[in-house]
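Per our numbering, the very first residue in the sequence shown carries number 18; after that it's consecutive.
We treat Cβ as the ideally placed atom computed from N, Cα and C, and that holds for glycine.
Predicted model, so just to flag it, every value in this text is computed and none were measured.
Below is one structure, written out as structure tokens; comments come after it.
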Amino acid sequence: AFGQPSPLDDRLEDLFMRLGEVSEASSANEACAAALRIASELVPADAGAVLIKTSRGDGLRFRAALGPAAKTVLDTVIPLDRGLAGFVFQLGVALSIGDAKPDERHYSRVDKQTGYVTRAVLAAPVRADQGGVYGVLELINPPRPFNDDDLELATRGAAPLGGFFRAMDQ
């Protein structure tokens, strides 16, 4: 009906109300964990991670993770130009893949290391309003297929984390 908020509007409002949790974090790891926690509560998924460019700029490090392989994957570094995360980082665009296995961009080494099987992936760049990409927020294996609303929420949820890292650069 006209004038009724959509489920997306409700979730965007929830997201907006909680974004301060990211900017108020006292460390980069805490900010990453807050952004991932918020995104995963608004977009259902079995697992998720935030990968941030290493200080040397040669890879993406798992700085926060949720799900069955979270402890195993933390601090793992993947090459900057590998995986769906590397693709999103390099191009600065969000993407949703329904079946990662046959996708040539899927970096299966992390699955082999953790024993966790990645099927569907939603990935959004962690970027500030102006400036480069700092990393990637990923949500993995949803209970139902990811949709455009989920992509929008993840992208908007990753934005304050980009602002956090930009403020650290200043």
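For residue i, count the other beta carbons within 10 Å of its own beta carbon; 16 or more makes it buried, fewer makes it exposed. Which is it?
i           : result
residue 118 : exposed
residue 34  : exposed
residue 108 : exposed
residue 88  : exposed
residue 30  : exposed
Per the DSSP calculation, residue i is bridged to which residue(s)?
i           : result
residue 70  : 77
residue 157 : 64, 138
So which of the options has the shortest CA-CA distance to residue i?
i           : options          : result
residue 50  : 113, 147, 84     : 84
residue 27  : 45, 105, 58, 125 : 58
residue 98  : 79, 65, 176, 75  : 75
residue 133 : 65, 44, 55, 24   : 65
residue 63  : 46, 135, 71, 95  : 135
Would you tell me roughly how many angstroms separate the C-alpha atoms of residue i and residue j, rounded to the nearest one?
i           : j           : result
residue 181 : residue 145 : 8 Å
residue 61  : residue 40  : 23 Å
residue 32  : residue 165 : 16 Å
residue 179 : residue 150 : 7 Å
residue 54  : residue 123 : 23 Å
residue 173 : residue 130 : 30 Å
Would you check if the distance between the CB atom of residue i and the CB atom of residue j is smaller than 8 Å?
i           : j           : result
residue 77  : residue 91  : no
residue 127 : residue 140 : no
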